[in-house]
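Asks:
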Amino acid sequence: MPRIVVDVMPKPEILDPQGKAIAGALPRIGLTGFAAVRQGKRFELTVDGEITEQILEQARHAATTLLSNPVIEDVTRVEVIEEDAP
Amino acid sequence: MTAEAMSRKFNIDTVANAEATPGQDLPWAALGLTESEYRRIGEILGRRPTGAELAMYSVMWSEHCSYKSSKVHLRQFGDKVTDAMKEHLLVGIGENAGVVDIGDGWAVTFKVESHNHPSFVEPYQGAATGVGGIVRDIISMGARPVAVMDPLRFGAIDHPDTARLVHGIVAGIGGYGNSLGLPNIGGEVVFDAVYQGNPLVNALAVGVLRHEDIRLANASGTGNRVVLFGARTGGDGIGGASVLASESFDSSKPSKRPAVQVGDPFAEKVLIECCLELFKASVVEGIQDLGAAGISCATSELASNGDGGMHVELTNVLLRDPSLTPGEILMSESQERMMAVVTPENVTAFEAIMDRWAVEYSWLGEVTDTGRLIIEWDGETIVDVDPRTVAHDGPVYERPYHRPSWLDRVQADAFDAEQPTDLRAAVLELMASPNMCSKDWVTDQFDRYVQGNTALAMPDDAGVVRVDEETGLGVAISTDANGRYSYLDPYEGARLALAEAYRNVATSGAEPLAVSDCLNFGSPEDPEVMWQFAETVRGLADACQELGVPVTGGNVSLYNQTGGVAVHPTPVVGVLGVFDDVARRTPSGWREDGQAIYLLGTTKDELDGSEWANLHGHLGGRPPALDLAAEKTLAAILVNCSRDGMIDAAHDLSEGGLAAVLSEMALRFGVGARIGLDELCERDRIDAFTALFSESQGRAVVAVPRSEEVRYNDMCTARNYPTLRIGVVDTENEALDLQGYFNLPLDQLREAHQGTLPRHFG
């Protein structure tokens, strides 16, 4: 079934304690090639049937109202992916 | 110089540039300064301020940092302190937090602050960083934080926006405090429509230290180095900073709206341990926490409290967002940062401790004796000011105030609704109401017993923590305020808030010692609000003097209003008391069968402003009368009873009166009682309804073991304090049996009491 993927990232100027923690942990396991880490989240909205523009619009609405906190997060992607769900 | 700094250098407003371009417009109004304040900055400097100087003055002269409207009134807290009150005071008002001697070489420091506005915008992070900020105040005094408390005020419980705020704020406090490993030992949760657009999120922290470990934040010693450590500086909490875009024409900046501060409790935990080690190793001369106004506040306060000068290179500040302008760096309120002053010979030792805790730091500059705070950007001077003019000599306003015209009408409107015929239903209604219902749903989300030193916590009268494991020495703290009483009479309301917190501490068995307050009000530019504020401070200062407990510090939060409607004047008063041994604390519920239940104090017909009146949508008349001499005697009785083992339970009477206290004492451990009201009604010439619901002051209910009754009565007689046996603990019957009126099974009472919050928020 087709799915819509929504990516949410903390706003660039907002502190991201989780990303910071990961950035601190990387060199401890010997991975020193990274300057910074930001951690966001990904949602997959599965649709029963064809994805219409109307459904996509609903997904965009959900992304900015329910899936993200607009005060501290940005929605960076709302996109249809074709491959089957695992 | 980095390429980036190079590219921006041409846009930086230097002192030389300010001198060369006197006519250039600056966005002073957008930064919240008035025209006369802006003119005054020009007079102080003898030229127009640079963009960076304007940023500093605007935040440091803001109401929040300068107390410009409240200062003239707050002086009373100092003026009305007697020598006797200073006896236990090691550090008084004016430092990051006051320090109180509790004996055996131990001291405690405590303070309550507001984080109201940030919590409305982003409830979780606003409330979380409120906890973080007050904890850093405690650390900067050299103390180890041991507990926090949160007095909260929300809008109507059934308003759609209230759930958003309750969920976010409660989770934020728990998320930050629990991660720090600090027990949250009490506070308040109040619902009232006046707080709908402006919830009050106050946070109190308490820390302990040895006398010799007290540290004051100042930058003394010319040549000493200034260091910034902890989290990096980002664009957090820069209110109105977008207007500073005039400094820079860089269009690649992130969104320009004020960014919310996001806290990182794990970074703060590291900061606590790191600072305590710095103090222990004596490698710092002074530490200042960075809260409101960030680097502007830390540099100007450190410099003006020390030798008067400081020289800082601002490009040395470690940034999370490299596109920040100098003005933004100075105003940023990024969390989990501290500034310290270190002698040159201790630099290596300081760096070793930083490295050990993996805390980032950067050396910003040094202390000077020039009397000037000089801040450079890549070697060019962008700030050149007398730090005292920034930190201490801000504007002081004698705001006009007058008694509100509506007050006479409100005070004349006494509560005279018809009494309920069914007292049983009335008690159930009261105990299920938003303000009297069980707050377990909130406090269960907070760690109350972590660290293993909590002796009492919510729902007991005061939070009690042990300070010394060997001796049991400890402290009790209670915070209280009744905005409804203060609305009816702000002078009396403030005194009543202090009396209740004082009584709560004594009820737990501790000797009340000191006060911290957080005064939450509407706009000081409204003369009626200003009158409420002036009356509150006068009332609180007078009452502190009468009870002999000094105010050690606190916070004023103004502009708590939406549109033209201010919140009720809400003076949150925290009282700290001391225990020689917390093992003798008095819990708020009875347990032993057959113990006698006594009521201390007398009951009058005082229902104006009460929770019962609130339930019936009425707010008018006069708050209950207060006799502070009686409160002092009552406190002495309660503390002595605890010390001499004369009582096994005690609970003070406040909102909800006797009905609330009997219900709570029975529900605390699920043990019933038989109560008779006849003798009380006869003695005080009141009816049963008034006996149950009146909010007369100076009262407490205690449970006295049979063997102690004679001693207990003798003591009350000796102190000439009225007491009356009103019932007996009954473990057989799990009910509150008000003989001649009703029998209320505890299951039913519990269901009503505990069901309310889960029903609205669960």
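Note that the protein sequences, when read in sequence, are chains R and C.
Anchor point for the first sequence: position 19 equals 18 in numbering that gives the first Met the number 0, and the numbering is continuous, going up by one each time.
Anchor point for the second sequence: position 9 equals 8 in numbering that gives the first Met the number 0, and the numbering is continuous, going up by one each time.
Beta carbons are placed, not taken as given, at the ideal position from N, Cα and C, and that holds for glycine.
Grouping DSSP H, G and I as helix and E and B as strand, with all else coil, what is isoleucine 13 of chain R?
Replies: Isoleucine 13 of chain R: coil per DSSP, three-state reduction.
Asks: For the beta strand (DSSP E) containing proline 150 of chain C, name the first residue and the last one.
Replies: Where proline 150 of chain C is concerned, the enclosing beta strand (DSSP E) stretches over 143-153.
Asks: Are the region 527-542 of chain C and the region 63-79 of chain C in contact at 8 Å, needing three or more beta carbon pairs?
Replies: The region 527-542 of chain C, when compared against the region 63-79 of chain C, does touch it at the 8 Å Cβ threshold.
Asks: Chain C beta carbons: is any one of them nearer than 8 Å to that of leucine 14 of chain R?
Replies: Yes, leucine 14 of chain R counts as interfacial toward chain C.
Asks: Using only alpha-carbon positions, find the residue among C:Val200, C:Glu545 and C:Gly364 that is nearest to leucine 518 of chain C.
Replies: If we check each option's Cα against that of leucine 518 of chain C, C:Val200 comes out closest.
Asks: Please name the residue, chosen from R:Glu72, R:Val77 and R:Arg2, that lies closest to glutamine 38 of chain R on a Cα-to-Cα basis.
Replies: If we check each option's Cα against that of glutamine 38 of chain R, R:Glu72 comes out closest.
Asks: Going by other Cβ atoms of all chains shown within 10 Å of its Cβ, with 16 needed for buried, is arginine 38 of chain C buried or exposed?
Replies: Result: exposed.
Asks: Does proline 11 of chain R come within less than 8 Å of chain C when only Cβ atoms are used?
Replies: Closer than 8 Å to some Cβ of chain C, the Cβ of proline 11 of chain R qualifies, so yes.
Asks: Just list the alpha helix (DSSP H) runs in the region 587-673 of chain C, keeping only unbroken ones of 4 residues or longer that don't cross its boundaries, in chain order.
Replies: Qualifying alpha helix (DSSP H) stretches, in chain order: 610-614, 627-642 and 656-668.
Asks: Which residues of chain R have a Cβ atom closer than 8 Å to the Cβ of phenylalanine 228 of chain C, listed in chain order?
Replies: Here the premise fails: no neighbours, minimum Cβ distance about 15 Å.
Asks: Measure the Cβ-Cβ separation of proline 144 of chain C and isoleucine 168 of chain C and say whether it is below 8 Å.
Replies: No; because the gap between Cβ atoms is not below 8 Å, this pair is not in contact.
Asks: Within 8 Å (strictly less), CB to CB, does valine 70 of chain R reach chain C?
Replies: Output row for valine 70 of chain R: interface = yes.
Asks: Would you kindly work out how many angstroms separate the C-alpha atoms of glycine 176 of chain C and glutamate 375 of chain C, rounded to a whole number?
Replies: Approximately 37 Å, taken between the alpha carbons.
Asks: Mind pulling the chain R residues with CB within less than 9 Å of serine 178 of chain C?
Replies: What serine 178 of chain C touches in chain R: nothing, since even the nearest Cβ is about 10 Å away.
Asks: With a floor of 4 residues, list each alpha helix (DSSP H) that falls wholly inside the region 385-420 of chain C, ordered by position along the chain.
Replies: Those alpha helix (DSSP H) runs which fall completely within the region 385-420 of chain C and span 4+ residues are 386-390 and 406-411.
Asks: By the DSSP assignment, the alpha helix (DSSP H) with histidine 116 of chain C in it spans what residues?
Replies: Where histidine 116 of chain C is concerned, the enclosing alpha helix (DSSP H) stretches over 115-120.
Asks: Please report how far the alpha carbon of proline 511 of chain C lies from the alpha carbon of valine 504 of chain C, in whole angstroms.
Replies: One C-alpha to the other measures close to 6 Å.
Asks: Out of curiosity, what's the CA-to-CA distance linking isoleucine 328 of chain C and tryptophan 405 of chain C?
Replies: Each residue's Cα considered, the two are about 46 Å apart.
Asks: Should histidine 60 of chain R go down as buried or exposed, given a rule of 16 or more other Cβ atoms within 10 Å for buried?
Replies: Answer is exposed; the Cβ neighbour count stays below 16.
Asks: In chain order, what residues of the same chain lie with their CB nearer than 7 Å to the CB of serine 254 of chain C, ignoring the 5 residues before and after it?
Replies: Note that serine 254 of chain C scores 46 on pLDDT, short of 50, meaning its location in the model is unreliable; the coordinates nonetheless yield the value given after this. Taken in chain order, the list of residues that qualify is empty.
Asks: Would you say serine 247 of chain C reaches chain R, if we count a Cβ-Cβ gap shorter than 8 Å as a contact?
Replies: With a pLDDT of 38 at serine 247 of chain C, under the threshold of 50, the modelled position of that residue is not reliable, and the figure given next carries that caveat. Not one chain R Cβ lies under 8 Å of serine 247 of chain C.
Asks: May I ask which residues mark the beginning and end of the alpha helix (DSSP H) holding isoleucine 271 of chain C?
Replies: Its alpha helix (DSSP H) spans residues 264-279.
Asks: In terms of alpha-carbon separation, which member of R:Ser67, R:Glu43 and R:Ile3 lies closest to proline 9 of chain R?
Replies: When only C-alpha atoms are compared, the closest one is R:Ser67.
Asks: Going along chain R, which residues have a C-beta under 9 Å from serine 333 of chain C?
Replies: Result: Leu14.
Asks: Entirely within the region 329-386 of chain C and at least 3 residues each: give me those beta strand (DSSP E) ranges in chain order.
Replies: Complete beta strand (DSSP E) runs here, min 3: 336-341, 360-367, 372-376 and 379-384.
Asks: Please decide whether glycine 233 of chain C counts as near chain R, where near means a Cβ-Cβ distance under 8 Å.
Replies: Yes, glycine 233 of chain C lies at the interface with chain R (some Cβ there is under 8 Å from its Cβ).
Asks: Within its chain, find whatever has a CB closer than 8 Å to the CB of threonine 75 of chain R; leave out the 5 residues flanking it on each side and keep chain order.
Replies: Only Asp6, Val7, Met8 and Gly39 meet the Cβ criterion.
Asks: Of the residues that make up the region 114-142 of chain C, which ones have a beta carbon closer than 8 Å to any beta carbon in chain R?
Replies: So the list reads Val120, Glu121 and Gln124, given in the order they occur along the chain.
Asks: Tell me where the alpha helix (DSSP H) around phenylalanine 33 of chain R begins and ends.
Replies: No alpha helix (DSSP H) holds phenylalanine 33 of chain R; DSSP gives it neither H nor E.
Asks: What in chain R is Cβ-close to valine 261 of chain C, meaning under 9 Å?
Replies: Residues of chain R passing the Cβ test: Pro9, Ile13, Leu14, Asp15, Pro16 and Ile71.
Asks: Mind listing, in chain order, the continuous alpha helix (DSSP H) runs of no fewer than 4 residues lying wholly within the region 488-546 of chain C?
Replies: If we require 4 residues or more, the alpha helix (DSSP H) runs fully inside the region 488-546 of chain C come out as 489-506 and 526-546.
Asks: Consult DSSP for tryptophan 105 of chain C and reduce its assignment to one of helix, strand or coil.
Replies: Tryptophan 105 of chain C falls in the strand class under three-state DSSP.
Asks: Give a yes or no on whether the C-beta atoms belonging to valine 14 of chain C and valine 225 of chain C are separated by under 8 Å.
Replies: Against a cut-off of 8 Å, the Cβ pair of valine 225 of chain C and valine 14 of chain C comes out as no contact.
Asks: Check the Cβ of aspartate 320 of chain C against every Cβ in chain R and list those closer than 9 Å, keeping chain order.
Replies: Within chain R, the residues near aspartate 320 of chain C are Pro11 and Glu12.
Asks: Is the CB-CB distance between serine 515 of chain C and phenylalanine 109 of chain C below 8 Å?
Replies: Yes.
Asks: Is it true that the CB of arginine 682 of chain C sits closer than 8 Å to the CB of glutamine 738 of chain C?
Replies: No; because the gap between Cβ atoms is not below 8 Å, this pair is not in contact.
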